[in-house]
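**Student:** In our numbering, the protein residues as written are 1 to 207.
Just so it is clear, CB atoms sit at the ideal spot from N, CA and C, and this is done for glycine as well.
Structure below; questions to follow.
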Amino acid sequence: MLFSANICFSQEFSSSGGGKIDLLVSGGYTAIKIQSNTYTGYEAGIKLLVPFMTSKDFYVGLGAKYDYATFDPPSTQSQVSFSHQYDSFLAGLDFGYKFTTSLLDILINPYAYYSFYDTWLQTTTTATFQQTYSPYIIHNLNYGIGLCLLFKIMFDSNTGLYLGPSGYYSNAYMVYQNATDSKGNKYAGGEGSYSLYTANFTVGMFF
Numbered sequence: 001m002l003f004s005a006n007i008c009f010s011q012e013f014s015s016s017g018g019g020k021i022d023l024l025v026s027g028g029y030t031a032i033k034i035q036s037n038t039y040t041g042y043e044a045g046i047k048l049l050v051p052f053m054t055s056k057d058f059y060v061g062l063g064a065k066y067d068y069a070t071f072d073p074p075s076t077q078s079q080v081s082f083s084h085q086y087d088s089f090l091a092g093l094d095f096g097y098k099f100t101t102s103l104l105d106i107l108i109n110p111y112a113y114y115s116f117y118d119t120w121l122q123t124t125t126t127a128t129f130q131q132t133y134s135p136y137i138i139h140n141l142n143y144g145i146g147l148c149l150l151f152k153i154m155f156d157s158n159t160g161l162y163l164g165p166s167g168y169y170s171n172a173y174m175v176y177q178n179a180t181d182s183k184g185n186k187y188a189g190g191e192g193s194y195s196l197y198t199a200n201f202t203v204g205m206f207f
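Written out as structure tokens, the structure reads:
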């Protein structure tokens, strides 16, 4: 389970015969749950949406995001501490359906991203040594749907600001290889799913 609170920047450009091209940039707080552990950190992302077949309502596009989060498991020994770090860069497809009014745009945004870079580092520290373990992640897929409520502040008939909340629900699936830690201990690979929840505040421009 991943939870994030993002700030998004949106900019729109007119397209002939249909809607607008949307450029969305986001960043915010993230909590991610992997193997029943809750990691906290931040997320940054970017999306480019274009009207589908000159439609004013349906959109397709590309997007990418970067997640960074850490988790410190509790320790029963004062001389022993644990820390986990997860970060990932993902990119893929975005889709959208937009309801437009004079004061508010409502964007429904399904997406599917595949990871191109991952680190999952687990560290054990004692008074005399530090032991690290970082399995190689073979596949990491995120897919979900979001809802954005974009209130408008108009500068003129074609230009203005977006302000409003948004939220996402997603699923994810990860596959990782066998790995050896820094002390030579071997660990089996594995695979599994996790869920993502995102709460955003959106700031944008359109023209």
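Per DSSP, what are the beta-bridge partners of Phe155 in this structure?
**Tutor:** Looking at the DSSP assignment, Phe155 forms no beta bridge with any residue, so it has no partner.
**Student:** Would you call Glu191 buried or exposed, if buried means 16 or more other Cβ atoms sit within 10 Å of its Cβ?
**Tutor:** exposed
**Student:** What number of angstroms, rounded off, separates the C-alpha of Phe223 from the C-alpha of Asp105?
**Tutor:** This structure cannot settle anything about residue 223, because the visible part of the chain is limited to 1 through 207.
**Student:** Pick helix, strand or coil for Phe52, following the three-state DSSP scheme.
**Tutor:** Residue state, collapsed to three classes: helix.
**Student:** How many Å lie between Val60 and Ile108 at the Cα?
**Tutor:** Cα-Cα distance, rounded: 12 Å.
**Student:** What are the boundary residues of the beta strand (DSSP E) that Ser193 is part of?
**Tutor:** Unbroken beta strand (DSSP E) run through Ser193: Gly190 to Phe206.
**Student:** Please classify Val80: does DSSP put it in a helix, a strand, or coil?
**Tutor:** coil
**Student:** Report buried or exposed for Pro74, applying the criterion of at least 16 other Cβ atoms within 10 angstroms of its Cβ.
**Tutor:** exposed
**Student:** With Ile142 and Tyr113 assumed to form a contact (beta carbons below 8 Å), what rounded beta-carbon distance in angstroms separates them?
**Tutor:** A small fix is needed here, since residue 142 is Asn in this sequence, not Ile. Confirmed, Cβ separation roughly 5 Å.
**Student:** For Lys152 and Thr180, I'd like the C-alpha separation in whole angstroms.
**Tutor:** 53 Å
**Student:** Could you check the C-alpha separation between Gln122 and Leu147 for me, to the nearest Å?
**Tutor:** CA-CA distance, Gln122 to Leu147, rounds to 34 Å.
**Student:** Count the other C-beta atoms from every protein chain shown that fall within 10 angstroms of the C-beta of Leu103, then say buried if there are 16 or more, exposed otherwise.
**Tutor:** exposed
**Student:** Alpha carbon to alpha carbon, how far is Met1 from Phe155?
**Tutor:** Note that Met1 scores a pLDDT of 49, beneath 50, so its modelled location is shaky; the value from the coordinates is reported in the next line. Distance between the alpha carbons of Met1 and Phe155 is about 40 Å.
**Student:** How is Gln177 classed by DSSP in three states: helix, strand or coil?
**Tutor:** coil
**Student:** Look at Ser166 and Thr132 and say whether their C-beta atoms are less than 7 Å apart.
**Tutor:** No.
**Student:** Mind checking which residues open and close the beta strand (DSSP E) that includes Ser134?
**Tutor:** Unbroken run through Ser134: none, as it is neither H nor E.
**Student:** Suppose you measure from the CA of Ile7 to the CA of Gly184; what does that come to, to the nearest Å?
**Tutor:** In this predicted model, Ile7 has a pLDDT of only 49, less than 50, meaning its place in the structure is not dependable; the value taken from the coordinates is given anyway. Straight-line Cα distance between these residues: approximately 43 Å.
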